[in-house]
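Student: Residue numbering for the sequence shown is 393 to 878, as defined by my numbering. Below you'll find the structure I mean.
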Amino acid sequence: MRQGSPYTALALFGFLFSSCVNSEMAMPDDDSERPNILLISIDDLRPDLGSYGHPVAKTPSLDAFAKSSVLFEKAYSQQAVCGPSRAALLTGLRPSTTGIKTLKQSVSDTVPNITTLNKSFKQSGYETISIGKIYHHANDDLDGWSKAPYDASGDFYSDRRRRGIPRLAYEAWESDELLPDAKNVNHALKELERLSQQQQPFFLAVGLHSPHLPFRAPKSDWDKYDPALVPAPQTTTQQVGAPNWAVVAWEIWNYDNLPPKHGPMPLLEGDQLRHGYLASISFADSLVGQVLEKVSALGLDDNTVVVIWSDHGYKLGDHGGWAKHSTVELDIHIPLMIRFPNMKVPGARTSALVESVDIYPTLIELASIDPPHVLEGASLLPLIEEPQRPWKEAVFAQYPRYVKRQLLMGETVRTQHYRYTAWVGNDTGETVAQELYDHTNDKIEAKNVAKNSEYRVELDRHEQLRKLGWRHIREKLDEMISQDSI
């Protein structure tokens with residue numbers, strides 16, 4: 393560990409991950425053989441993909457990628473909003489550690505001494521490139537990139553505001569002008585061509601804004617769906633027994649073609665939004681396909697690690713809510729797929745519980761880079777090698793909420809069969825409310841069973857896991873992996 397890290401004290405509570413791969417997955421000794429890294433981030437994408445079982449989603453590129461990668465069926469975000477979620481991925485630290493819990497906080501300003509994921513690669517001799525939305529703040533961690541980040545969206549939206557164009561929540565794009573994500577991907581394709589011609593390894597991060605609001609996609613992607621077949625939410629009513637503030641809707645109301653204030657979404661508008669979300673997913677899928685095709689055409693497949701990740705999920709009228717900003721399953725459950733050369737089990741799937749903070753240690757281990765500080769996730773390489781092996785007992789998420797002028801933190805524990813959230817006073821430490829959902833019998837989280845006496849044992853178990861926290865889970869996992877490697 394480097395001296396002077398503000399998180400050196402964390403070493404007293406956790407272990408640095410260790411290499412747990414067999415000889416078939418041995419890391420390269422020669423710097424020239426280090427793998428390239430391609431990180432593809434997709435904003436606001438819940439697992440509405442064919443490969444995740446969605447009944448109508450048209451996502452051929454992502455589905456094809458799933459057949460050559462390891463697909464994580466139970467991957468979770470640390471916090472269901474862009475800034476804190478992306479900060480967790482890029483620092484390898486949880487929001488409770490960095491303090492990044494709101495959209496206003498940047499990594500550079502909040503934890504300036506932390507070595508970010510991209511900076512770890514840059515300091516290890518990689519060329520690091522950011523295209524599109526990677527950090528929530530466009531100017532965050534600028535010295536972690538080899539050159540200034542590129543994102544066409546800023547100019548696109550500035551021009552529309554200058555021209556007084558209405559802000560529409562959904563739109564079938566019929567203009568010949570390329571949308572920002574398409575411009576960004578075109579730039580990424582050119583960068584891949586350049587990077588492929590040099591010996592220096594690269595860390596290329598490509599971030600798609602779609603399917604984030606507004607749901608703006610080419611008309612051809614809208615036309616892929618019969619509106620009558622777009623699935624409606626399995627429930628639009630509030631979760632029985634949950635606090636009435638557990639699910640809220642914010643950003644959805646900031647558009648000119650929706651009602652001007654909070655309230656029930658009109659049925660027609662709700663249908664259009666769900667259609668637009670799927671169209672935006674198909675648009676994102678086609679762009680991902682272009683990037684992956686370019687990687688293959690340039691002969692980079694043999695030495696490039698590819699990660700496809702979403703920062704958090706989304707509600708589309710589910711539980712009466714829209715967007716994210718909660719601890720419900722639909723908001724914290726994310727798609728995650730990882731592929732690297734000579735994988736032992738390409739096309740495998742795992743139901744092991746994993747988290748966004750696990751990506752940082754996984755990638756630097758693949759590149760033989762020492763961790764710059766204590767990382768709060770676990771390298772996924774042992775799981776990628778053996779997808780059905782035992783893994784974490786629980787993963788953790790959170791979301792802050794002001795209730796009656798008191799700041800509460802929804803501290804969430806997700807185990808294989810339950811989602812538990814304790815709403816805890818930020819100043820008092822008092823638990824104000826509890827939620828427990830039985831995913832074996834209630835996958836849509838329709839009913840909070842925290843007060844049901846039949847679930848008392850599970851309630852107590854999950855509360856104990858919450859108090860023990862991620863360090864306890866991590867220590868148990870490290871011990872299990874260590875025993876397996878003996």
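In this text, a Cβ means the ideal position worked out from N, Cα and C, and glycines have one as well. No experiment lies behind these values; they were computed from the predicted model shown.
1) Let me know the alpha helix (DSSP H) ranges lying completely inside the segment 610-693, each 4 residues or longer, listed in chain order.
2) Should L857 be labelled buried (16 or more other beta-carbon atoms within 10 Å of its own) or exposed?
3) Quick check on T803: does DSSP put it in helix, strand or coil?
4) From E661 to K839, what distance separates their C-alpha atoms?
5) If I measure Cβ to Cβ from K466 and keep anything under 6 Å in the same chain, skipping five residues before and after, which residues do I get?
6) Whose CA, out of D703, L728, T719, L670, lies closest to the CA of R806?
7) Let me confirm a value: E768 is counted as buried when at least 16 other C-beta atoms fall within 10 Å, else exposed. Which label applies?
8) Where K859 and P779 are concerned, what is the direct C-alpha to C-alpha distance, given to the nearest angstrom?
9) Between the C-alpha atoms of Y518 and V499, what's the straight-line distance to the nearest angstrom?
10) Using only the alpha-carbon positions, how far apart do K784 and V766 sit?
11) What is the rounded straight-line gap between the Cα of E747 and the Cα of P439?
12) Answer yes if the segment 672-689 comes into contact with the segment 441-457, meaning at least three C-beta pairs across the two stretches below 8 Å, and no otherwise.
13) Is N899 helix, strand or coil by DSSP?
14) Measure the C-alpha to C-alpha separation of S672 and P727 and round it to an integer number of angstroms.
15) Can E643 and A715 be called in contact, C-beta distance under 9 Å?
16) Taking only runs that begin and end inside the segment 423-480, name each unbroken beta strand (DSSP E) of 3 or more residues, in chain order.
17) What are the complete alpha helix (DSSP H) segments, minimum 4 residues, inside the segment 496-532?
18) If you draw a straight line from the alpha carbon of I865 to that of A786, how long is it in whole angstroms?
19) Distance check for K514 and F732, CA to CA, integer angstroms please.
20) By DSSP, does R781 sit in helix, in strand, or in coil?
21) Extract the residue ranges of the beta strand (DSSP E) inside the segment 695-780, only unbroken runs of 3 or more that lie entirely within it.
22) Please report the Cβ distance between N428 and P541, rounded to the nearest whole angstrom; I am assuming they are in contact, meaning their Cβ atoms lie under 8 Å.
23) Looking at the structure shown, is W862 part of a helix, part of a strand, or coil, going by DSSP?
24) Measure the alpha-carbon distance for Q630 versus N636 and round it to whole angstroms.
25) Take H604 and list the residues in its own chain whose beta-carbon comes closer than 6 Å to its own, dropping the five residues that flank it on each side.
26) Quick one: what's E846 bridged to in DSSP?
27) Out of curiosity, what's the CA-to-CA distance linking T696 and L758?
28) Please report the straight-line C-alpha distance between R559 and A814, rounded to a whole angstrom.
Tutor: For this structure:
1) 611-614, 659-689
2) buried
3) Here residue 803 is Glu; the residue named in the question, Thr, does not match the sequence. In this structure, E803 counts as strand in the three-state DSSP scheme.
4) 27 Å
5) S743, L745
6) T719
7) buried
8) 28 Å
9) 21 Å
10) 18 Å
11) 14 Å
12) yes
13) With the chain running from 393 to 878 in the structure shown, residue 899 is simply not present.
14) 16 Å
15) yes
16) 428-434, 462-468
17) 499-502, 509-515
18) 7 Å
19) 20 Å
20) coil
21) 696-702, 728-731, 741-747
22) The pair is not a contact, with the Cβ atoms about 18 Å apart (cut-off 8 Å).
23) helix
24) 8 Å
25) D435, D436
26) Per DSSP, none; premise fails for E846.
27) 10 Å
28) 37 Å
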